[in-house]
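A.B. asks: Taken in order, the sequence shown gives residues 5 to 222; the numbers are from my numbering.
Please read through the structure below; I'll follow up with questions.
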Amino acid sequence: MRFFVDTADISEIRDLATAGFLDGVTTNPSLIAKTGRPIRDVIKENCQTIEGPVSAEVTAADFDGMIAEGERLADIAANVAVKVPSTWDGLRACRALSQLGHKVNVTLCFSANQALLGAKAGATFISPFVGRLDDLGLDGMEVVREIRAIYDNDKSITTDILASSIRTPLHVKQAAIAGADIATVPPAVLRNLAKHPLTDKGLASFLADWSKTGQAIL
Ligand code: E4P
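Put into structure tokens, the structure is as follows:
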């Protein structure tokens, strides 16, 4: 499973890219708003920082507006993936933008049927929002499992499942087991994947024993 980071914060993206764990970036209008910077500058900088896809979301709700905004976003860099919502107009825009040769991420997906339409519309990525379904007491990961089964039943589908709205390390593990192609993960959750109290405890005791020997590895 590949890792995207779910942030527009360039310092986080640089840090994680340097560590070598980053295959792409996803942003959304709320994450761009948090930076307080123009979307064009943020997306351009992100695209220069990593080679993988950087998702940038349209804010128009109608087909024509989405196409116009999508083309402008795609013009920023070759690795932009235009994000459109899982609405009727969004899915139509997905088809049109895909046919123009752009990468498209169909976002705000909450059902397997939306994912099926996204694949038929030529989406590069489908983004089921796991955490927001869990917030309602539903099983977000079940939607990822359903999408995996549906996509596996049709060998002509090339859309990647991008597990989104990931909130915990458990979500990451479950997404990998469910067969998601990618998970987009907030920076703090990505770093937490390396954490285990027994690792810290074990390391402390190894180092304590080692210091008693007076040795150095030269
Ligand atoms: C995905 O592309 C979205 O930006 C993101 O995963 C939404 O996550 P949230 O539900 O934690 O806001």
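Ideal placement from N, C-alpha and C gives every residue a C-beta, glycine not left out.
Please read these numbers as outputs of a predicted model, since none were measured by experiment.
For Ile186, report the span of its beta strand (DSSP E) as first-last.
C.D. replies: Position 182 of the sequence shown holds residue 186. Ile186: member of the beta strand (DSSP E) spanning 186 to 189, first to last residue.
A.B. asks: Find the nearest neighbour of Val108 within the set Glu49, Ser169, Ile130, judged by alpha-carbon distance.
C.D. replies: By one-based count along the sequence shown, residue 108 stands at place 104. Closest by alpha carbon: Ile130.
A.B. asks: First and last residue of the alpha helix (DSSP H) that includes Asn50?
C.D. replies: Numbered from 1 along the sequence shown, position 46 holds the residue referred to as residue 50. Note, Asn50: alpha helix (DSSP H), 43 to 53.
A.B. asks: Can you grab the Cα-Cα spacing for the pair His175 / Gln219, in whole Å?
C.D. replies: Walking along the sequence shown from the start, residue 175 turns up at place 171. Walking along the sequence shown from the start, residue 219 turns up at place 215. The alpha-carbon atoms of His175 and Gln219 are separated by roughly 42 Å.
A.B. asks: Count the other CB atoms within 10 Å of the CB of Asp45; is the residue buried (16 or more) or exposed (fewer)?
C.D. replies: As a first step, residue 45 must be located in the sequence shown, where it is residue number 41. Exposed is the label assigned to Asp45, since fewer than 16 other Cβ atoms lie within 10 Å of its Cβ.
A.B. asks: Which residues bound the beta strand (DSSP E) around Gly28?
C.D. replies: The residue labelled residue 28 in the question sits at position 24 within the sequence shown. Element bounds for Gly28: 28 to 30.
A.B. asks: Determine the burial state of Ala12: buried for a count of at least 16 other Cβ atoms within 10 Å of its Cβ, exposed for fewer.
C.D. replies: Here the question's residue 12 lines up with position 8 in the sequence shown. Ala12 should be labelled buried.
A.B. asks: Taking the alpha-carbon positions, what's the Ser15 to Thr31 distance?
C.D. replies: Here the question's residue 15 lines up with position 11 in the sequence shown. Here the question's residue 31 lines up with position 27 in the sequence shown. One C-alpha to the other measures close to 14 Å.
A.B. asks: Does the distance from the CB of Thr53 to the CB of Ala21 come in under 7 Å?
C.D. replies: The sequence position of residue 53 within the sequence shown is 49, counting from 1. The sequence position of residue 21 within the sequence shown is 17, counting from 1. Contact: yes.
A.B. asks: Please state whether DSSP places Leu222 in a helix, a strand or coil.
C.D. replies: Indexing the sequence shown from 1 puts residue 222 at position 218. Per DSSP, reduced to three states, the secondary structure at Leu222 is coil, with no helix or strand assignment.
A.B. asks: For Gln178, which residues from the same chain have a beta carbon less than 6 Å from its beta carbon, with the 5 sequence-adjacent residues on both sides left out?
C.D. replies: Position 174 of the sequence shown, counting from 1, holds the residue named residue 178. Same-chain partners within the cutoff: Met145.
A.B. asks: Quick one: does the C-beta of Gly141 sit closer than 6 Å to a heavy atom of ligand 1?
C.D. replies: Sequence index remark: in the sequence shown, residue 141 carries index 137 (1-based). Answer for Gly141: no, Cβ out of range of ligand 1.
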